Each structure stands twice: as C-alpha cells, then as structure tokens.
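Q: Plus 107 on top of the position in the sequence shown (first one is 1) and you've got my numbering.
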Amino acid sequence: MIQQYLNHDERIFKIYVMGEQIQINQKGSSPNISYETVGEDCIFFDSQISFSKQSKFKDLLKGFKESEIELKPISIIAKEISEKFSFTLFGFDLIRESSSGKFYLIDLNYFPGFSGVKEFRDILHKIFVSKAQKFLKK
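1) Assuming residue 234 is part of the alpha helix (DSSP H), what are its boundary residues?
2) To the nearest angstrom, report how far apart residue 119 and residue 193 are at their CA atoms.
3) Which residues share a DSSP beta bridge with residue 134?
4) With distances taken Cα to Cα, identify the nearest neighbour of residue 210 among 217, 216 and 199.
5) Can you tell me whether residue 236 is buried or exposed? The criterion is at least 16 other CB atoms within 10 Å of its CB, across all chains shown.
6) Nearest by alpha-carbon distance to residue 149: which of 241, 207 and 109 is it?
7) Would you check if the distance between the CB atom of residue 122 and the CB atom of residue 201 is smaller than 8 Å?
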C-alpha cells in the first residue's frame, strides 16, 4: 500500500462510542519523519510491527505527550457516523497533523476492542437493556 504519511507527534486519539457515551484514549504511534531524520524520500515499514522494534525508527521515538482534545467536534463526528451507518457501538482513530493542527480520521471500526474502556460491561448492559425495551414497546 502506498499512502501519504502525516506527522502527528507520535499520538493517536482512540475514540470509543457506546450509544450516547464517548470515551477518548490516547495512544503512542509512529514518530515524526522527514528526509532529514531518515535520509530517504520513500519510507518502508511494517505496520504490524511496533515502531519501537524497528531499528530504522527506534531512535526517532521521543514519547508522546497527552494533549487536550475538544469533545464537541468528536461528538459531531460520532453522531454523523452513528446516523449514517446505524452504529451504536463503534470506534474510530484520529490523528492531529503536527504542522496544521488538522484532524484526520484514519480508521473506523464497527466493533473495536473495548478493553481500554472504563466500565464497558456496565455501559454495554445499559445499551442492551435500552434496545430491548424499545424493541418490546413496538
């Protein structure tokens, strides 16, 4: 696969949507890369192997710093996805480009692993009960 690489300060925003609830987690990612840092015009890497384990990138990783992210635009994106695809439980990943500050949606999962979500079992139970009650009222 060939794609444009956007420097994003080693940070991915993992957004989990569960009905009306949204949880945002931050996770380390790939380093900022330039011709000066890598010495190549075209970068080849294995996305299935952590950057910290790939010798070409190991020294470039500085460790990301968590930053604030405004909930309102995330809520708008989540609502649009939910309505367009009829999703109740889903997740998506955003990166913030280093130079412009623009956000890019880089992944959408209709049922991601919710292992990092606090109180997921309770939230899921409430969603199921609510859906069942609505179904039974029809």
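Idealized CB from N, CA, C, for every residue including glycine.
Bear in mind that the values here come from a model prediction, so they are computed numbers and not experimental data.
A: Based on what the coordinates show:
1) Along the sequence shown, read from residue 1 onward, the residue named residue 234 stands at position 127. Note, residue 234: alpha helix (DSSP H), 227 to 244.
2) Working through the sequence shown from its first residue, we reach residue 119 at position 12. Working through the sequence shown from its first residue, we reach residue 193 at position 86. If I take the Cα positions, the gap works out to 25 Å.
3) On the sequence shown, residue 134 is found 27 positions in, with the first residue counted as 1. 119, per the DSSP bridge assignment.
4) In the sequence shown, the residue the question calls residue 210 occupies position 103. Comparing Cα-Cα distances from residue 210 to each of 217, 216 and 199, the minimum goes to 199.
5) Numbered from its first residue, the sequence shown carries residue 236 at position 129. Exposed.
6) Within the sequence shown, the letter at position 42 stands for residue 149. Of 241, 207 and 109, the residue nearest in Cα terms is 109.
7) On the sequence shown, residue 122 is found 15 positions in, with the first residue counted as 1. On the sequence shown, residue 201 is found 94 positions in, with the first residue counted as 1. It is a contact, given that the beta carbons lie within the stated cut-off.
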